[in-house]
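One structure below.
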Amino acid sequence: MAKNMRVTMEVGSDGVAVIKFSNPPVNALAPPILGGLKEKYVEAMNRNDVKAIVLTGEGGRFSGGFDINVFQTVHQTGDISALPDVSVDLVVNTIEDAKKPSVAAIEGLALGGGLELTMGCHARIATPKVQLGLPELTLGVIPGFGGTQRLPRLVGLPKAVEMMLFSKTIISEEGKTFGLIDAVVSKEELLTVARCWALDIAERRKPWISSLHRMDKLGSLSEARQIIKVARQQVKKTAPNMPQHQACLDVIEEGVVFGGYSGVLKETKVFNELVVSDTSRGLVHFFFAQRAISKVPNVTDVGLKPRPMKKVAVIGGGLMGSGIATAFILSNISVVLKEINPEYLQKGIKTIEANLRGLVARGKMTQDKVEKALSMLKGVLDYSDFKHVDMVIEAVVENIPLKQSIFSELEKVCSPNCILATNTSTIDLNIIGEKTTSQDRIVGAHFFSPAHVMPLLEIVRTEKTSAQVILDLMAVGKTIKKVPVVVGNCTGFAVNRTFFPYSQGAHILLNLGVDVFRIDRAISNFGMPMGPFQLQDLAGYGVAMAVGKEFATAFPDRTFRTPLVQLLLKDGRNGKNNGKGYYIYEKGSKPKPDPTVLPIIKESMRLTNIMPGGKPVSLSDQEIVEMIMFPVVNEACRVMDEGYVVRASDLDVASVLGMSFPSYRGGIVFWADSVGAAHIYKSLKKWSEIYGSFFRPSKFLEERATKGIPLGAPASTSQVAPKSRL
Ligand SMILES: C[C@H](O)CC(=O)SCCNC(=O)CCNC(=O)[C@H](O)C(C)(C)COP(=O)(O)OP(=O)(O)OC[C@H]1O[C@@H](n2cnc3c(N)ncnc32)[C@H](O)[C@@H]1OP(=O)(O)O
């Protein structure tokens with residue numbers, strides 16, 4: 012067994028064997044731990060001085076589930092023999108059907124295989140606020156240690172289906188209400204109560220319950236089928252491109268119809284099929300990519316500690332500023348919101364109130380928390396409150412002289428340790444800080460709209476930003492429940508820069524004669540929440556124009572100039588803002604394609620005149636997706652090559668959380684590697700010859716494609732080291 016992994020057994024004079032396992036930090040159930048458990052159980056069964064067993068995890072956490080690293084091994088080798096037989100051999104035969112009863116003593120969390128082990132026990136005792144759940148579907152698999160069968164039998168089918176399909180965790184108190192947990196006790200009492208409970212079962216003072224054989228919570232067959240049918244329809248809409256949701260329902264249904272043991276057998280079979288699916292490969296990669304993001308060389312590994320952040324100031328109460336302020340007050344951090352006049356300030360505060368009301372309406376927060384959050388907010392019209400803030404985030408319009416004068420002012424009014432952040436999405440940070448002597452504390456805090464909802468926070472550093480400032484912003488980012496990704500300072504930073512060809516490619520296709528609504532449909536079917544034109548409607552055309560200008564200046568060789576947005580504006584269209592864009596927006600109904608936009612598109616096609624031979628091109632849906640996504644991959648290659656991200660997988664996380672790229676495809680770079688660099692390179696090369704330099708493959712892509720090196724492989728695998736900006 013690896014050095015830090017341990018399974019121990021201590022037998023008390025009361026006849027209870029406490030089997031404890033340890034694999035920090037989350038007691039993941041690695042194969043050696045599972046093997047160790049089996050060994051200790053066999054020993055406990057054979058010893059005459061053992062009457063009952065208490066199963067527990069060390070270090071304040073029961074278990075975060077089966078070791079996800081094993082999935083990665085399976086993905087790399089394609090060999091599922093690395094998966095131990097746990098469900099039948101350990102959980103059914105060794106624990107649940109044993110001649111001596113087991114009680115699980117649960118602290119901290121019991122997730123996935125961790126919770127499934129506890130459900131094989133004959134009772135579960137937990138400390139308060141323990142997180143309980145079966146999040147396996149987020150990894151592209153289903154619960155595989157019998158969870159699909161035992162959870163419905165313990166909490167009833169509706170709750171079990173909700174917990175599994177939506178990977179929803181509950182806390183021990185709720186678990187007690189639903190019957191998953193038998194008693195909630197303090198940390199100090201946990202082992203004592205669990206021991207007594209185990210003895211009570213052994214001596215028949217308490218019922219000896221095997222979850223798999225229970226029927227009382229399942230309801231009638233027809234009720235169960237109806238619940239499963241409704242769930243099937245629901246996930247058809249919410250998870251259309253993923254196989255694990257329907258598969259999970261199939262397995263649950265098997266158990267309801269043919270009994271728990273049949274269900275367990277089918278569960279193993281389906282689990283083994285799903286674990287090698289592309290979806291599981293993508294989601295497992297995404298899981299580890301999200302963890303890797305918090306490791307930033309020379310920032311998180313040099314012994315620095317984040318400084319506390321109690322109060323921040325936000326300058327500008329527009330859409331972004333008010334969203335940012337909302338995110339902070341929701342996490343109990345005081346906000347001073349500054350505007351230039353009472354009217355704008357009121358507007359900003361009203362937007363914050365509306366943001367909070369929206370969260371209440373969507374069941375994301377309770378009404379009583381609204382007042383508490385608002386009490387953390389102070390609106391101001393001058394800088395007098397800025398003396399005591401730990402960080403300022405500037406979120407005014409994208410105007411260089413205005414930002415420069417604000418930063419000069421901030422240098423005077425804030426304390427010398429105060430972090431000076433900007434939410435700019437396009438302007439070079441060195442230019443913003445040019446008129447100050449505080450470049451070491453100037454940093455980008457690029458939120459995505461709506462800032463209180465979107466999870467990504469791009470932390471933009473210049474060559475001069477100090478490691479301490481980056482670390483502080485990473486820490487406060489986590490406090491406000493964002494996922495911070497540290498990137499370098501270039502036009503569009505990592506996310507907008509990588510995705511600028513997304514809308515460009517779509518506009519090229521449109522001008523090549525591909526139907527606008529078909530483009531959107533193909534991209535939605537690929538897994539984006541909406542197509543590029545609906546997204547443009549949503550963001551507003553002002554944004555499209557402003558951003559387009561920035562990129563045209565920075566990357567003129569690969570910017571496609573189209574008159575379409577101007578033509579749309581001329582026609583009185585401004586997207587969702589005024590209810591009229593490529594789509595028609597009416598309150599209470601879904602956006603409807605607007606056929607009257609077609610003549611405007613025709614006019615754009617006439618003006619750009621890029622159709623070869625003057626005829627619309629004919630493309631399959633797959634080609635549409637590729638002609639839009641491959642240029643994005645190409646730009647991602649440049650971002651990596653120029654050293655604007657720490658590692659390729661940071662772009663995967665950023666693409667999923669900032670652009671809603673489907674997580675089950677693993678993120679933009681991971682997806683590109685699953686398609687193959689060679690195919691992407693060849694396609695881009697071909698298109699660049701037909702349609703021009705927008706499609707020209709980058710050097711990085713060319714090199715990796717020709718040498719057969721995956722795009723996501725670290726720089727050391729390539730002969731040319733990237734120029735690090737980080
Ligand atoms: C057969 C079975 O049905 C299949 C399964 O059980 S699949 C596993 C199901 N379990 C899960 O999906 C839970 C996954 N883990 C989590 O959600 C979170 O890590 C957690 C809630 C347990 C803890 O969160 P948090 O305290 O923020 O710590 P977090 O940074 O995420 O993780 C700490 C470390 O533990 C690792 N880890 C967490 N869960 C793990 C697991 N199940 N296997 C392997 N490693 C795991 C992380 O990779 C990270 O490693 P690192 O420090 O080297 O980056």
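Position in the sequence shown counted from 1, then plus 11, gives you this note's numbering.
Ideal Cβ positions, reconstructed from N, Cα and C, are used throughout, including at glycine.
Starting from H457, follow its DSSP beta bridges and name the residues at the other end. DSSP, once it has assigned bridges, lists E469 as partnering H457.
When you compare only the Cα positions, how much space is there between Q577 and F299? The alpha-carbon separation between Q577 and F299 amounts to approximately 43 Å.
Nearest residue (CA-CA) to P602, options P610, L609 and G592: It is G592 whose Cα lies nearest to the Cα of P602.
In terms of residues, what are the limits of the alpha helix (DSSP H) holding V497? If you look at V497, you'll find it isn't in any alpha helix (DSSP H); it sits in the beta strand (DSSP E) that goes V494 to G499.
Take the Cβ of S231 as the centre, count every other Cβ of all protein chains shown within 10 Å, and call the residue buried at 16 or more, exposed below. Result: exposed.
DSSP state of S615 mapped onto helix, strand, coil: Here DSSP, grouped into helix, strand and coil, assigns S615 to helix.
Can you give me the C-alpha to C-alpha distance between A732 and P725, rounded to a whole angstrom? Residue placement at A732 cannot be trusted, given a pLDDT of 46 that sits under 50; what the coordinates show is reported in the next sentence. For A732 and P725, the distance between alpha carbons rounds to 10 Å.
CB V325 to CB G89, shorter than 8 Å? The answer is no: Cβ separation not under 8 Å.
Is N80 near ligand 1, judged by its Cβ being under 7 Å from some heavy atom? Answer for N80: yes, Cβ within range of ligand 1.
Sort out for me which residues DSSP pairs G155 with in a bridge. Paired residue(s): none; G155 is not in a bridge.
Residue span of the alpha helix (DSSP H) that contains L388, given as start and end: Element bounds for L388: not the alpha helix (DSSP H) but the beta strand (DSSP E), L388 to V391.
Rank N522, N588 and L580 by C-alpha distance to the C-alpha of S615 and give the top, closest one. If you compare the alpha carbons of N522, N588 and L580 with that of S615, the shortest gap goes to N522.
Tell me the DSSP secondary structure of K14 in three-state form. Residue state, collapsed to three classes: coil.
Sequence-distant residues of the same chain with beta carbon closer than 7 Å to V644, five excluded per side: Shown here for V644: same chain residues with a beta carbon closer than 7 Å to its own, the five before and five after excluded, namely I679, A683 and I691 in chain order.
Just to check my reading of the structure: L468 and V494 have Cβ atoms closer than 8 Å, yes? What is that Cβ distance to the nearest angstrom? Their Cβ separation, rounded to whole angstroms, is 7 Å, which keeps L468 and V494 in contact under 8 Å.
Identify every residue that forms a DSSP beta bridge with M402. In the DSSP output, where bridge partners are listed per residue, M402 has V323 and I430.
Between which two residues does the beta strand (DSSP E) harbouring S113 extend? Counting along the chain, the beta strand (DSSP E) containing S113 begins and ends at S113 to I117.
Bounding residues of the beta strand (DSSP E) (the contiguous stretch that carries T67): A63 to G68 is the span of the beta strand (DSSP E), which, as asked, contains T67.
What do you reckon, is the C-beta of F156 under 7 Å from a heavy atom of ligand 1? F156: yes, Cβ under 7 Å from ligand 1.
Pick helix, strand or coil for K349, following the three-state DSSP scheme. K349: strand per DSSP, three-state reduction.
Cα-Cα, which of E445, R216, Q244 and P642 is closest to T509? Per the Cα distances, P642.
Within 8 Å, do at least three Cβ pairs link the stretch 447–454 to the stretch 316–334? Three or more beta-carbon pairs separated by less than 8 Å are not found between the stretch 316–334 and the stretch 447–454, which leaves the two stretches without contact.
What's the C-alpha gap between L128 and E597? So the alpha carbons of these two residues sit roughly 50 Å apart.
Leaving aside the five residues before and after S535 along the sequence, list all residues of the same chain whose C-beta is less than 7 Å from its C-beta, in chain order. Answer for S535: M541 and G542, listed in chain order.
Coil, strand or helix - I192 by DSSP: DSSP, read as helix, strand or coil, puts I192 in coil.
For Q142, which residues does DSSP report across the bridge? Here Q142 is bridged, per DSSP, to L120 and I182.
Measure from the alpha carbon of G390 to the alpha carbon of each residue in Q378, K349, G503 and S416, then state which is nearest. The candidate whose alpha carbon is nearest that of G390 is K349.
Range covered by the beta strand (DSSP E) that runs through R569: Under the DSSP assignment, R569 falls outside any beta strand (DSSP E); it carries neither an H nor an E label.
Start-to-end residues for the beta strand (DSSP E) that takes in A55: That residue, A55, is in no beta strand (DSSP E); its alpha helix (DSSP H) goes P42 to N57.
May I ask whether a heavy atom of ligand 1 can be found less than 7 Å away from the beta carbon of P461? No, ligand 1 has no heavy atom inside 7 Å of this Cβ.
Less than 8 Å separating the beta-carbons of V664 and Q301? The Cβ atoms of V664 and Q301 sit closer than 8 Å to each other.
Endpoints, the beta strand (DSSP E) within which S33 is located: Annotation for S33: the continuous beta strand (DSSP E) segment containing it runs V27 to S33.
Is the Cβ-Cβ distance between E405 and K414 less than 8 Å? Here E405 is near K414, since their CB atoms are less than 8 Å apart.
Can you determine whether any heavy atom of ligand 1 sits closer than 7 Å to the C-beta of F562, and answer yes or no? No.
CB of L467 to nearest heavy atom of ligand 1: below 7 Å? No; taking the cut-off as 7 Å, the Cβ of L467 has no heavy atom of ligand 1 nearer than that.
So what's A39 in DSSP terms, helix, strand or just coil? Three-state DSSP puts A39 in coil, outside helix and strand.
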